[in-house]
């Protein structure tokens, strides 16, 4: 049995996007000495907004499907969600359009070999992405602790 909540799903998307930002930054740092390499950026805020909107649309679709299937009045009551199995929550971890958040970074100082990667800039991006990821992990841990506390409340 898989236990999941809407908040846990959103936090999973948050962690996926944070990991993607870390990968993009690591790729830039790995290519610091590659002639002609151009820095790739990742717009985390835009990707997260898109992910949240996508999750909300899927949640509404699930509620409508459940209401139609079970003859419910469509109020999205918790009882309807309890009837769902874990497979119904299995969603792609990243929306297919996340590539839109990847872009070439302009306005950077280009070296004579055509490379424009700044190790200082990428180091700052890496630190920010690591903090985001760590915060997401802590929030997810707290969510699962809350769920487990609710399960064991009578024991």
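Numbering (full-length UniProt numbering), first residue to last: 1 to 155. Glycine included, C-beta positions come from ideal geometry on N, C-alpha and C.
Within its own chain, the residues whose Cβ lies closer than 8 Å to the Cβ of residue 40, once the five positions on either side in sequence are excluded, are 24, 27, 28, 102, 103, 104 and 105, listed in chain order.
Per DSSP, the beta bridge partners of residue 102 are 42.
CA-to-CA, the gap between residue 130 and residue 4 works out to about 24 Å.
The closest CA to that of residue 21, considering only 151, 148, 142 and 132, is found on 132.
The C-beta distance from residue 11 to residue 139 rounds to 6 Å, short enough to meet the 8 Å contact threshold. Taking a contact as a CB-CB distance under 8 Å, the pair residue 31 and residue 153 does not count as one, their CB atoms being some 52 Å apart. Secondary structure of residue 110 (DSSP, three-state): coil. 33 is the residue among 8, 33 and 17 whose C-alpha sits nearest the C-alpha of residue 115. Counting every other CB atom within 10 Å of its CB across the protein chains shown gives residue 46 a total below 16, marking it as exposed. Between residue 14 and residue 136, the beta carbon gap of about 5 Å places them in contact (Cβ cut-off 8 Å). In this structure, residue 7 sits away from residue 110, with a CB-CB distance that is not shorter than 8 Å. The alpha-carbon of residue 126 is positioned some 21 Å away from that of residue 49.
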